[in-house]
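Peer 1:
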Amino acid sequence: MSNHKHLTLSDRLSLEKGLDNNASRSSLGKVLNKDKSTICKEIKSHARMIPFSRSGVPSSGTYDCIFISECGYNGFCPHACPKRVPVPCRRKDSPSGVCNGCPDRSSCKLTKKIYSAETAQEEYEFELRDSRIGWNISYKEAETLAVILKPLLEQGQSIAHILMNHPEIPYSEKTIYTYIDEGVLREFGITNMDLRRKVGRRMSKKQRQVYKPRRDNRYLKGRTYLDYQNYMAEHPDASVVEMDTVYNDISRGPFIQTFQFVDCHFMKGIYHDTKTSEDMLRGIHNLYEDLGKQNFRKYVQVILTDRGSEFVRAEEIEAFGCKVFYCDSMASWQKPHVENNHILFRYVCPKERDLGKLGLLSQDDLDLIFSHVNSYRRQYLHGKSPYEIFEFFHSDEDIMKRLNMKKIDPDQINLTPDLLKK
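For reference, each letter of the sequence shown is one residue, going 1 to 422 in full-length UniProt numbering.
1) Who does residue 360 pair with in a DSSP beta bridge?
2) Return the CA-CA distance between residue 32 and residue 10, expressed in angstroms with no decimal places.
3) On the CB-based measure, 16 or more other CB atoms within 10 Å of its CB, does residue 385 come out buried or exposed?
4) Using 10 angstroms around the beta-carbon of residue 378, count the other beta-carbons present and answer buried if the total reaches 16, otherwise exposed.
5) Rounding to the nearest angstrom, what Cα-Cα distance links residue 76 and residue 179 in this structure?
6) Counting C-beta neighbours from all protein chains within 10 Å, is the total for residue 304 16 or more, i.e. buried, or is it exposed?
7) Please determine, among 265, 46, 413 and 71, the residue with the shortest C-alpha to C-alpha distance to residue 124.
8) Determine the direct distance from the alpha carbon of residue 79 to that of residue 169, and round the result to whole angstroms.
9) Note the first and the last residue of the continuous beta strand (DSSP E) segment covering residue 245.
10) Please report the distance separating the alpha-carbon of residue 73 from that of residue 62.
11) In whole angstroms, what separates the C-alpha of residue 104 from that of residue 84?
12) Give me whichever residues DSSP pairs with residue 269 in a beta bridge.
13) Answer yes or no: do residue 310 and residue 280 have a C-beta to C-beta separation smaller than 7 Å?
14) Looking at the secondary structure, which residues open and close the alpha helix (DSSP H) in which residue 390 lies?
15) Would you mind listing the alpha helix (DSSP H) stretches within the region 274 to 347 that are 4+ residues and don't spill past its ends, in chain order?
16) Please state if the CB of residue 313 and the CB of residue 277 are separated by a distance shorter than 7 Å.
17) Quick one: measure Cβ to Cβ for residue 241 and residue 255, integer angstroms, because I've assumed they're closer than 8 Å.
18) Is it true that the CB of residue 413 sits closer than 7 Å to the CB of residue 372?
19) Tell me the rounded alpha-carbon separation between residue 284 and residue 23.
20) Between which two residues does the beta strand (DSSP E) containing residue 50 stretch?
21) In chain order, what residues of the same chain lie with their CB nearer than 6 Å to the CB of residue 336, ignoring the 5 residues before and after it?
22) Does the Cβ-Cβ distance between residue 404 and residue 367 come in under 7 Å?
23) What does the Cβ neighbour count give for residue 12, buried or exposed, with the cut at 16 atoms within 10 Å?
24) Quick check on the DSSP output: what are the complete alpha helix (DSSP H) runs of length 4 or more inside the region 16 to 47, in order along the chain?
25) If you draw a straight line from the alpha carbon of residue 409 to that of residue 383, how long is it in whole angstroms?
26) Can you tell me where the beta strand (DSSP E) with residue 113 in it begins and where it stops?
27) Looking at the structure shown, is residue 62 part of a helix, part of a strand, or coil, going by DSSP?
28) To the nearest angstrom, report how far apart residue 174 and residue 101 are at their CA atoms.
29) Using the beta-carbon count (16 or more within 10 Å), is residue 326 buried or exposed?
30) State the CB to CB distance for the pair residue 8 and residue 51, rounded to an integer number of angstroms; the pair is presumed to be in contact (CB under 8 Å).
31) Please work out which residues of its chain come closer than 7 Å, Cβ to Cβ, to residue 228, disregarding the five sequence neighbours upstream and downstream, and give them in chain order.
32) Please report the straight-line C-alpha distance between residue 220 and residue 226, rounded to a whole angstrom.
33) What is the residue span of the alpha helix (DSSP H) that residue 227 lies within?
34) To the nearest angstrom, report how far apart residue 433 and residue 317 are at their CA atoms.
35) Do you know offhand how far residue 269's Cα is from residue 161's?
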C-alpha cells in the first residue's frame with residue numbers, strides 16, 4: 001500500500017471517475033494503491049446528500065418521502081416536515097452507497113448521495129487547516145471574527161468599542177487580544193500593529209498550550225444528564241424510555257435500536273441495516289406510528305440515551321412530543337435498565353457472532369427475539385414478565401399486535417441462538 005497517508009486531488013478525481021463507472025471499492029483501492037477501508041472512509045466522509053430540485057419548486061419541499069400520498073399530496077410535499085422518511089433506494093444502499101453511476105441520476109426525484117472530487121478536496125483542505133489552527137477556535141470562526149474586526153480596527157476603533165457595538169461577537173476583550181497576540185488572526189490580516197495601544201509581550205507557557213478545535217455540541221444544551229435529573233425532580237411521574245444501539249459488526253450491521261420502557265421493563269427493538277442519525281430518527285417514527293400519537297405522548301414522555309452520533313438530532317426527535325436527554329460521556333451506567341436488558345438479548349445474539357448468519361435478517365426476526373425476552377419472568381417483578389406488566393398498564397387491547405409482540409408460553413421460551421434457526 002502507499003506510504004502517503006492522505007489522498008490527493010488526482011486520487012479523488014480517479015475515485016470519482018471509478019464511482020461513475022460503478023467500480024467496486026476493492027478495485028478502486030487497487031487502482032489508487034490504498035486499502036479498501038480508506039476508500040470507504042473517503043466516500044463516507046465526503047459524499048453529500050443533494051435533494052432533487054427544479055425551478056419554481058419551493059426549496060423546503062420534497063419528492064422524497066414515503067408518506068406523501070398518505071398526506072394527500074400528489075407526488076410533492078411543500079413542507080419541511082420533521083417526520084419525513086426518505087423513499088428507500090436499493091442502488092443508493094449498495095456497497096458504494098452513492099448515486100454517481102446510476103443511469104437514472106438526472107431524472108430521479110429522490111435525494112441523491114453524490115461524491116464529487118473537487119468538493120471532497122475543498123472539505124479536506126478546510127478540515128486540515130481547521131485541525132492545525134492550534135487554538136480553541138475553528139478556522140471558520142476565526143475568519144468570521146476577522147471580517148468584523150479588520151475594517152473597524154483600520155478606522156482606529158478599539159476592541160472594547162467594537163464589542164459594545166457588536167454583541168454578536170461571542171468572545172471577551174481579553175480573548176480577542178490574546179488571539180491577536182498569538183497570531184490566530186494573522187492569516188486574515190490582523191496583527192498587533194493594527195492595535196493603537198498594545199504592548200508587545202512574550203507568550204507564557206500556558207498561552208502556548210495547543211487546543212483542539214471545539215466540537216459542535218449545541219444539541220446537548222439543556223439536555224445533559226444533570227438537566228435530566230432536574231427535569232425528573234420536577235416531573236417525577238414522567239414516563240421514561242431508555243434508548244440505545246446494539247450491533248456486532250460496525251461495517252455491516254445489522255444495527256438494533258432498542259427502547260426500554262423503564263416503568264415495566266418492556267423492550268422494543270427496531271432493525272436497521274445502517275447506523276445513521278436518519279435511521280434512528282426513522283426508528284422513533286416507527287415506534288410513534290406503532291403506539292399511535294396519544295399512546296406515544298403518554299408512555300414516551302422522556303427519552304434518555306447516550307451521546308452516539310446517531311442520536312444527535314434532538315430537535316427532530318422532540319418534534320414527536322417528547323423530551324430528549326443525554327447521558328454523560330462513558331457513563332452507560334446512567335441508563336442501567338436498557339443495558340441490563342441487553343444481557344437477555346445477548347443470550348440469543350452473542351457478541352463476536354455474525355448476526356446475519358445466526359438468522360437475524362429482518363424486523364420479524366427481531367420481534368420474535370423480544371417476544372421471548374419480554375415473556376421471560378423476573379423475580380424483581382414478583383414473578384411477572386415485562387409483557388404482562390406492559391399489557392396490564394396499557395388499556396389499548398390492540399397495542400401488542402401493532403408492536404408485533406406475542407406472549408410466549410413460559411415453557412416455550414428460548415433464550416439461545418437456536419431460537420433463530422429456520
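Just so it is clear, CB atoms sit at the ideal spot from N, CA and C, and this is done for glycine as well.
Peer 2: Concretely, from the data shown:
1) None, per the DSSP bridge assignment.
2) 10 Å
3) buried
4) exposed
5) 49 Å
6) buried
7) 46
8) Between residue 169 and residue 79, the C-alpha separation is close to 33 Å.
9) 240 to 246
10) 11 Å
11) 23 Å
12) In the DSSP secondary-structure assignment, residue 269 is bridged to 258.
13) yes
14) 386 to 393
15) 277 to 291, 293 to 299 and 314 to 318
16) yes
17) That belief does not hold up - the Cβ atoms of residue 241 and residue 255 are roughly 18 Å apart, past 8 Å.
18) yes
19) 35 Å
20) Membership of residue 50 in the beta strand (DSSP E) is indicated by the continuous run 48 to 50.
21) Taken in chain order, the list of residues that qualify is empty.
22) yes
23) buried
24) 25 to 32 and 36 to 46
25) Taking the straight line from one Cα to the other gives about 14 Å.
26) 112 to 114
27) Shown here, residue 62 sits in a strand according to DSSP, grouped into three states.
28) 53 Å
29) buried
30) Not a contact, Cβ separation roughly 30 Å.
31) The residues are 304 and 325.
32) 11 Å
33) 225 to 234
34) The requested residue 433 is not part of the displayed model; the chain covers only 1 to 422.
35) Each residue's alpha carbon lies about 57 Å from the other.
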